[in-house]
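Each remark here refers to the structure printed beneath this line.
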Amino acid sequence: GILIEHFAGAFPTWLAPVQVKVLPISEKFADYAKSVEDALDAAGIRVETDNRAEKIGYKIREARNERVPYIVVVGEKEAADNTLSVRCKGEDLGSYAVEDFIKEITEEIKNKTKRW
Numbered sequence: 002g003i004l005i006e007h008f009a010g011a012f013p014t015w016l017a018p019v020q021v022k023v024l025p026i027s028e029k030f031a032d033y034a035k036s037v038e039d040a041l042d043a044a045g046i047r048v049e050t051d052n053r054a055e056k057i058g059y060k061i062r063e064a065r066n067e068r069v070p071y072i073v074v075v076g077e078k079e080a081a082d083n084t085l086s087v088r089c090k091g092e093d094l095g096s097y098a099v100e101d102f103i104k105e106i107t108e109e110i111k112n113k114t115k116r117w
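Numbering-wise, the sequence shown is residues 2 to 117 according to this note's numbering.
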C-alpha cells in the first residue's frame, strides 16, 4: 500500500505490472502488434496489446491513465520498417527498431533504473 501511495500508481518500469502496452493504429496492424507483443514477451517483458476498435488517441489516453511506463504505437510505417513508435510517461521518444527497444528496456529493468 505504501508503494502505491508513494508512486501514485506510476511505478518504475521494473516494478510495473504491465511494462509495455502495444497499441495498433487499426485492426489492419493487429498481426504486427501481436508479433511485437510476442517478441517483448519472449524477452521477459510484461506486455499487453490493446486491439479494441477505438481511436488511437483514446487508447493512448487510457494507457497513460493506467500509468503504463511505455506505450508502443504501431501502424503502417512501423510495420513496413519493423520499428516502433515509443512513448514514455507522456514523452514521445521517437522510432526504435524492435531489437533496440527490447535491449534498452531489458537493461533498464535489469539495472532498476528509470528513464523519467
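Beta carbons are placed, not taken as given, at the ideal position from N, Cα and C, and that holds for glycine.
Asked                                                                                                                            : Found
Spatially closest choice to residue 90 from 2, 22, 3 and 4, by CA coordinates                                                    : 22
Beta-bridge pairing of residue 86 - partner residues as DSSP gives them                                                          : 74 and 96
Distance between beta carbons of residue 57 and residue 64, contact taken as under 8 Å                                           : Their Cβ separation, rounded to whole angstroms, is 10 Å, which puts residue 64 and residue 57 out of contact at 8 Å.
Neighbourhood of residue 61 by C-beta, 8 Å cutoff - its chain only, sequence neighbours within 5 removed                         : 24, 72, 74 and 88
Local Cβ density within 10 Å of residue 102, reported as buried at 16 or more and exposed below that                             : buried
Between the CA atoms of residue 40 and residue 100 - distance to the nearest angstrom                                            : 9 Å
Close beta carbons around residue 50, own chain, < 6 Å, minus the five adjacent residues each side                               : 23, 34 and 38
Residue 42 to residue 6 span [Cα, whole Å]                                                                                       : 28 Å
Residue 22, enclosing beta strand (DSSP E) - first and last residue                                                              : 21 to 25
Chain-order list of residues whose beta-carbon lies under 8 Å from that of residue 53 (same chain, five-residue window excluded) : 60
Which of helix, strand or coil DSSP assigns to residue 49                                                                        : strand
Residue 76 and residue 30 closer than 8 Å at C-beta                                                                              : yes
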